[in-house]
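Here's the structure, in structure tokens; my notes come after.
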Amino acid sequence: MSCTTFNVGTSLNLQHGISKPLGFRNNFTFHKSSTNLLKTFNLSFTDHSLSLCNMRSSSFRSVLNCVAQSSEPSASVGIDTNTNSKEKVVVLVIGGGGREHALCYALQRSPSCESVLCAPGNAGIASSGNATCISELDVYDGAAVESFCRERGVGLVVVGPEAPLVAGLSNYLVKAGIPTFGPSAEAAALEGSKNFMKHLCDKYDIPTAKYKTFTDPSAAKQYIQEEGAPIVVKADGLAAGKGVTVAMTLEEAYEAVDSMLVKGDFGSAGCRVIVEEFLEGEEASFFALVDGENAIPLESAQDHKRVGDGDTGPNTGGMGAYSPAPILTKELQSIVMDSIIMPTVKGMSAEGCKFVGVLYAGLMIEKKSGMPKLIEYNVRFGDPECQVLMVRLESDLVQVLLAACKGELSGVSLDWSPGSAMVVVMASKGYPGPYEKGTIIENLEEAELVAPGIKIFHAGTAFDSEGRFIATGGRVLGVTAKGNDLEEARNQAYQAVENVKWPGGFYRRDIGWRALPQKSHATKV
């Protein structure tokens, strides 16, 4: 498959042929020593273009200083991180899904927050009062976002989704002196390229699954035949959470290879595949806030990727989550910080690609050893894990994120509410395959009131001509509840779910099943 070239200042082909204006001209200024990184991963810069595909899997040892302007966290932040500071901050959240709704909710509750703006946001965010939505702002146009921040007095930008990060929005805003929580485009390669992440693991001895990278489908299939099933096939680039196939048979693995390398189902994201060993165990999500040199862990959480009860069916972006996750004991969390998170932070810093933002490590706690291995990195809050974390967070999130932007996380600690939280995702029937859009959702306000501690986060909703909520996406609602323990949180979440009137939706009935006794919930909505 041919290399994809991004025209800097004109457009960026993210995936599936979607073109977005970039507007980050002249922002990628590299050290001379960074040419080794460009050669290693075949990232070639001309006067007006950036090539990110067909990255060679040669040695990672030559990776040096990535980018001059992203080497330091945004030290221009001039806001006191003391939570007693009288200065109030206007915050702009980039994105429009359930994760961003949860971030708006937590930021609005921060004592140092003046107001929250969300671009583009969605109907649920706007109607909740958690933020003012700015639907007309093009978040891929760096100049437009900068101008908006100047006009509205924005003192902190929080970038939710991965695509604007990989496109370089943080680069642009940090260079303009606007405090921005989210990594540079170069550091975002931890998510944007699984090949990049795997090479980093190799160099810094970060435990991960055995793997090989391929661009030739025949070679990939030969390796799969040698290794046997079950085996995992991944698209190298961003594929909206759908670029991973856990193949239980050789035929499934071959089909996944053909889908990515022959048919081009994932566009440029699938021009390279990673074939890795199948790890047996329990998955968990681990989040850490990073300021370039230091990292502090968030509370543990666990999501449910498969679409069906009992973890069956195809992978999704996530059908539910809970926090804390019993599988991640304090001892294991310490191991993850020492063997995975900190080596990554120090490694990225050593390579000249300091990471500022949230590191989301997808882990497998291996059944045979009980030890964690890194499955993948995301460079933003997980969805739906963010929802359960944000309802439990009691610290001033604005000040914590500003501290990260300033490189001042050392010594910062976070306060969490006791008890547990659970989110049950309600999705459009057919998801993660084809689904109908525009189905009507009713009784949401009543559902939020059926029990204390319930919050419904909107991921994919809009208003129809009569002002009713309609579904516009695959994953549409995140019905979230807090409880004194996980069982109470589960009961209240499902009580709310069962009061939502949405014939076009469905949900898993067993969120939390690994940590709790089974309890059946009707699927009619």
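Heads up, the sequence shown is in the working numbering, so the first residue is 41 and it goes up one at a time.
Virtual Cβ for every residue (Gly too), placed ideally from N, Cα, C.
Closest by C-alpha distance to Val-206, out of Leu-196, Gly-193 and Ala-227, is Ala-227.
Here Leu-132 carries a strand assignment [DSSP, helix/strand/coil]. Assigned with DSSP and collapsed to three states, Ile-480 falls in strand. Of the candidates Ser-175, Ala-163, Lys-407 and Lys-522, the residue whose Cα lies closest to the Cα of Gly-507 is Ala-163. For the pair Ile-264 and Val-347, the CB atoms are not nearer than the 9 Å cut-off.
Between the alpha carbons of Pro-364 and Lys-522 lies a distance of about 11 Å. Excluding residues up to 5 positions away in sequence, Val-376, Ala-401 and Leu-403 lie with their Cβ nearer than 6 Å to the Cβ of Phe-326 in the same chain. Distances from the alpha-carbon of Asp-178 to those of Ile-134, Gly-360, Lys-477 and Gly-217 put Ile-134 closest. In the DSSP annotation of this structure, the continuous segment of the alpha helix (DSSP H) that includes Cys-426 starts and ends at 425-432.
In the structure shown, Thr-248 falls within a strand segment according to DSSP collapsed to helix, strand and coil. Buried is the label assigned to Arg-548, since at least 16 other Cβ atoms lie within 10 Å of its Cβ. Its chain contains Ile-494 and Ile-496 as the residues whose beta carbon lies nearer than 6 Å to that of Glu-488, once the 5 sequence neighbours on both sides are disregarded; these appear in chain order. Your pair Ala-287 and Val-273 checks out as a contact, with CB atoms roughly 6 Å apart and the cut at 8 Å.
Listed as beta-bridge partners of Cys-173 by DSSP are Cys-158. By DSSP's assignment, Tyr-417 forms a beta bridge with Ala-401. Between Ser-168 and Ala-183, the alpha-carbon positions lie close to 29 Å from each other. Arg-190 is classed as exposed because its beta carbon has fewer than 16 other beta carbons within 10 Å across all chains shown.
Where Asp-242 is concerned, the enclosing alpha helix (DSSP H) starts and stops at 234-243. Here DSSP, grouped into helix, strand and coil, assigns Tyr-145 to helix. About 26 Å separates the beta carbons of Leu-556 and Ala-146, which is beyond the 8 Å limit, so they are not a contact pair.
When secondary structure is reduced to three states using DSSP, Ser-224 falls in the coil class, being assigned neither helix nor strand.
The segment 379-387 and the segment 205-225 do not touch, with fewer than three beta-carbon pairs separated by less than 8 Å.
The beta carbons of Val-313 and Phe-236 sit no closer together than 9 Å. Distance between Lys-407 and Ser-150, taken at the CA atoms: about 40 Å. Within the segment 475-519, the complete beta strand (DSSP E) runs of at least 3 residues fall at 494-498, 501-503 and 509-511. Taking the Cβ atoms as the reference, Gly-310 lies roughly 7 Å from Gly-283, within the contact range of under 8 Å. DSSP, reduced to helix, strand and coil, places Gly-268 outside both helices and strands of the structure shown, so it counts as coil. According to the DSSP secondary-structure assignment, Tyr-212 is paired through a beta bridge with no residue. The beta-bridge partner set that DSSP reports for Asn-355 consists of Arg-346. Take the alpha-carbon of Glu-425 and the one of Asp-343: they are about 6 Å apart.
For Ile-336, the secondary structure class from DSSP, reduced to helix, strand or coil, is strand. A distance below 9 Å separates the beta carbons of Asp-331 and Val-396.
Collapsing the DSSP output to three states places Met-462 in a strand. Per the coordinates, the alpha-carbon of Glu-391 lies some 35 Å from the alpha-carbon of Pro-366.
Between Glu-528 and Arg-432 a beta carbon distance of about 14 Å is seen, past the 8 Å cut, so the two are scored as non-contacting. Each of Glu-333, Ser-155, Leu-368 and Pro-201 was checked against the Cα of Cys-445, and the nearest Cα belongs to Glu-333.
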